[in-house]
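What follows is a short report on a single structure.
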Amino acid sequence: MIKHFFTITVSALCYSLIDYRFKSSPILQHFPNNSAVNFVIEQHNRMPDYLRLPLLILTLIFDIWGLLCTGLFFHSQSPSVRQQLIQAWKNSPWQICRDLIRFYESLVVLYWQSDYIKSLDSI
């Protein structure tokens with residue numbers, strides 16, 4: 030059950046970051062969002078135990094934080110509310126909140142860039 034909430038939260042977070050970071054990109058309509066989510070989940074699964082569990086817990090706290098702020102979990106929010114919640118954590122006075130968003134954003138950008146380069150190679 031916890032793993033399920035973690036996965037849907039990561040998925041919602043990745044989709045939101047892709048939409049925010051790459052909405053003006055001409056290849057956004059062809060971007061494989063589910064592949065990006067799978068990449069992020071795989072990276073989490075490859076982490077050592079002492080990092081994997083705290084990241085899982087902090088991600089679930091982020092999801093629950095949406096519930097506390099708006100009455101719905103982060104993963105159940107509209108895209109615009111998700112962006113507001115992400116921005117709040119990006120600008121948080123707490124480093125751990127900023128680091129969580131930076132972690133996910135970095136993985137999404139890494140996947141985006143690698144997928145974009147692969148698409149150029151196939152042309």
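Every number in this note's numbering is 29 more than the matching position in the sequence shown, counting from 1.
The beta-carbon is built from N, C-alpha and C at its ideal position, and this holds for glycine as well.
In terms of Cα proximity to V137, the closest of K32, V39, I93, H33 is V39. Following the DSSP letters along the chain, one finds K119 inside the alpha helix (DSSP H) bounded by residues 108-119.
Annotated three-state conformation of W123 is coil, per DSSP. In this structure, the beta-carbon distance from F51 to T88 does not fall below 8 Å. In the displayed model, F102 falls within coil according to three-state DSSP, outside both helix and strand. Membership of K32 in the alpha helix (DSSP H) is indicated by the continuous run 31-51.
By the Cβ-count criterion, S45 is buried, with 16 or more other Cβ atoms from all chains shown falling within 10 Å of its own Cβ. Using a Cβ distance threshold of 8 Å, L85 and F103 do not count as a contacting pair.
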